[in-house]
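Below you'll find the structure, written out as structure tokens, and then a few comments.
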């Protein structure tokens, strides 16, 4: 039938009323709800408008799945009469209400549970509930017009089940009946539910009841979900709704039947004694051919029962499957918890179970992967051997098509690792213009995000460039393909900490400006500074419900991509990043606008990379990390560069790429060293270096620095004052290159802050007596030179006694002669009287010690 009706849009009052029953405006549009006045409503239902019955109100079209034309309209008048909330057309028959967006295949999919309820609004509320937090619906909601309206009459006037029930595959399906709360007080509603359950059991369904608690204060599930949402939020409403569904209980039956072998055999099961069921096998004439009581949950006993039946092997297989279905539908099985019965429910996005199997959250639920068989399936939850039941997170962030955390939609095969990497590179080059090295690094970083939780430290990517250089596009393209990508702009501190701690996403911070002075910027900087190590925790004060504060720890560890106009002005932060310098592209084949192709291609990569993650998660990655560390150490990189970049380097197979990456890091180290040398501390250490060493420009590494000639015979001794490193001389060296001079008092304090000791020169005849100088400490100087990227000789850490001075026998010691070849001075020592020595050897050694003491300037 084709209806020609005038449709008026829903009013604000209509939308508010629908929202109170958990029905959104978008869902109302999908369901094609509209408003009619009295005359339009009367025409719609085939009535004459009158004063006795008002027809103005909301119209609800009934569609079959995938149909474009409605089968009938149901009307909910604004003004009801005699308790009739809904009106139907004259002469209409009973039919089921199917929610929008379902397909005929859903009716045939017995793995998709069904909830049967009464009324169109309850179906719509359940339909929304079914889809939030999961890409695949949790269940299919169907509605009968009234509690008894699942029945009708055939052409002969005989009562029967309405034809719509034949559209659905019931055999082997889980079905819950969720009527209003008055099922507990209204005998007619109770009886209708019981009869409906028996009818569904006869069709092979496993039936359970869900009751709305009397304490809820509402009658229907739509009102209950709306109440929960109004009191808190949608997430809480969904969680409470799931808890309500978990409270379902099986429909108790006296007998359950399975007909197999094209009607030649009927299996009946009914309760007998505890843990046992009486199973009866009847032939097509209804004669019992085998009756036995046993525990139908025991597979061996079921097999023993089947062997007693005189059938072929293939027929016995069919009988065994039917018997298993009977066992699953029986309510008399052992009620004690089995090893797979959950004793605790935990929400998680990834788990490695005790048997080595893996579960990873994707949009439909969990990807359940078995490494031993390399097989996988999609499940809603999984229970470990210890009884812990794992369920995926329910959060709108995880289900948003655009703007949330991007998950895999399914698992897809990817071929070889090299083919996958090539596909990622092709994806990147299609949407972003990158230099070849940057392209390879970006592709590897995307792969790395899928195993970032297997390493203890990680690096970030910092894309810099002018306006229009493509840094935002670059970050977004990586974010979309990465594991749990999330793009944020100006996030609040509270949300930032909780999102990172809960989901460990691959975080993309666009146009981050560390110069902005705000609490939120400070929070982001905290996360960036601490979030490169798994062991780092950030403590924050959180207000509790009673108004007090408590300390909570947040884990900021996750991969991060940051786009900024310039490199972040922090050497510590820059040392943790792979810097990508973006430039304005001249290519015309890169789309300027965002396209659905980008979303589609990135989704495909996430599907493949998630499977790659599951296949490679159990592989020993430590040996690769060890090899990578050894190779990076040999390249002369700074310890920080080695620590942070080991994981990405370990993924590299191409030796040429390894070399390019090392050269990139070496250049970055040099830039960081130069940046540090431009600080006052850097200038100070460089002044010390220039006093001690001659620096050549051409050689590389430690050969660039040689001791100055005055130290060629003997390096300064540890713990001895080095006159050449006088504070006044260091100050003079500093002021040569400075516009604003500093004084020696300030320089002396800064030298001490660097970990070097200073003392006054006490050498008796030194022209620098009472001047402050640095106490030589080769080990500490080596640390400082390394820290600022300055060269030094390999023999910087000298022995405690110079090699040029050797103990001499007393008879050959030239008394009164200086032992220091480095000083051109007229030092005169008083002759030592012979009677001052009782022993020749002791006297000689003692005299040498005196000479050394005087020469070194010690007290």
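Residue numbers (the numbering used here): 1 to 859.
Here a beta-carbon is modelled for each residue, glycine too, at the ideal position from N, C-alpha and C.
For the alpha helix (DSSP H) that contains residue 472, what are its first and last residues? 471-481
How is the beta strand (DSSP E) around residue 152 delimited, first residue to last? 151-153
Name the two residues that bound the continuous alpha helix (DSSP H) containing residue 542. Not the alpha helix (DSSP H): residue 542 falls in the beta strand (DSSP E), residues 538-543.
Just confirm the distance between the C-beta atoms of residue 554 and residue 541, as a whole number of angstroms; I'd bet it's less than 8 Å. So it is not a contact: roughly 12 Å between Cβ atoms.
Measuring alpha carbon to alpha carbon, tell me which residue in 719, 751, 768 is nearest residue 779. 719
What first and last residue would you give for the beta strand (DSSP E) that runs through residue 552? 549-554
Quick check: the segment 155-174 against the segment 100-114, are at least 3 beta-carbon pairs closer than 8 Å? yes
Apart from the five residues on each side of it in sequence, which residues of its chain come closer than 7 Å, Cβ to Cβ, to residue 476? 487, 508
Does the structure place the segment 116-133 close enough to the segment 352-365 that three or more beta carbon pairs sit under 8 Å? no
Please report how far the alpha carbon of residue 579 lies from the alpha carbon of residue 524, in whole angstroms. 19 Å
Nearest to residue 472 by CA position, among 489, 456, 484, is which residue? 489
Reduced DSSP category for residue 3 - H, G, I as helix; E, B as strand; rest coil: Low local confidence applies: a pLDDT of 48 at residue 3 is under 50, so the model's placement there is unreliable, with the coordinate-based value given in what follows. The answer is coil: DSSP assigns residue 3 none of H, G, I, E or B.
The beta strand (DSSP E) spanning residue 376 covers which residue range? 375-379
As assigned by DSSP and simplified to three states, the class of residue 610: helix
How close, in whole Å, do the beta carbons of residue 251 and residue 209 come, if the pair is a contact with beta carbons under 8 Å? 6 Å
How many angstroms separate the CA atom of residue 152 from the CA atom of residue 145? 12 Å
Please determine if the segment 429-440 and the segment 587-598 are in contact, where contact requires at least 3 C-beta pairs separated by less than 8 Å. yes
Spatially closest choice to residue 213 from 704, 758, 315, 181, by CA coordinates: 181
Classification of residue 505 by the beta-carbon crowding that lies within 10 angstroms, buried from 16 upward: buried
According to the neighbour-count rule (16 or more other Cβ atoms, all chains shown, within 10 Å of its Cβ), is residue 803 buried or exposed? With a pLDDT of 41 at residue 803, under the threshold of 50, the predicted position of this residue should be treated as unreliable, though the coordinate-derived value follows. It is exposed - the Cβ of residue 803 has fewer than 16 other Cβ atoms within 10 Å.
Exposed or buried, which one is residue 577 when buried takes at least 16 other CB atoms within 10 Å? buried
Could you tell me which residues DSSP puts in a beta bridge with residue 115? 141, 176
Beta-carbon proximity check, residue 36 vs residue 59, cutoff 7 Å: yes
Reference residue 290, options 300, 611, 297, 279, closest by Cα: 279
Express the C-alpha separation of residue 125 and residue 19 in angstroms, rounding to a whole number. 10 Å
Can you tell me the Cβ-Cβ gap for residue 619 and residue 629, rounded? I've got them flagged as a contact below 8 Å. Going by Cβ atoms, the distance from residue 619 to residue 629 rounds to 18 Å, so no, they are not a contact pair.
Residue 731 to residue 686, Cα distance in whole Å? 12 Å
Indicate whether the contact test is met: 3 or more Cβ pairs, each with one atom in the segment 708-716 and one in the segment 689-696, closer than 8 Å. yes
What's the gap between the Cα of residue 704 and the Cα of residue 353? 56 Å
Fully enclosed by the segment 185-247, which beta strand (DSSP E) runs are 3 residues long or longer? 206-209
If we require 3 or more residues per run, which beta strand (DSSP E) segments fall completely within the segment 660-725? 693-695, 705-707
For the segment 376-441, which segments carrying the beta strand (DSSP E) assignment without a break, of at least 3 residues, lie completely within its bounds, in sequence order? 388-391
Using 8 Å for Cβ pairs, my map puts residue 609 next to residue 483. What's the rounded Cβ distance? 7 Å
Three-way DSSP call (helix, strand, coil) for residue 861 in this model: The question about residue 861 has no answer here: the residues shown for the chain are numbered 1 through 859.
Excluding sequence positions up to five away, which residues of its chain have a Cβ less than 8 Å from the Cβ of residue 468? 584
Using the beta-carbon count (16 or more within 10 Å), is residue 560 buried or exposed? buried
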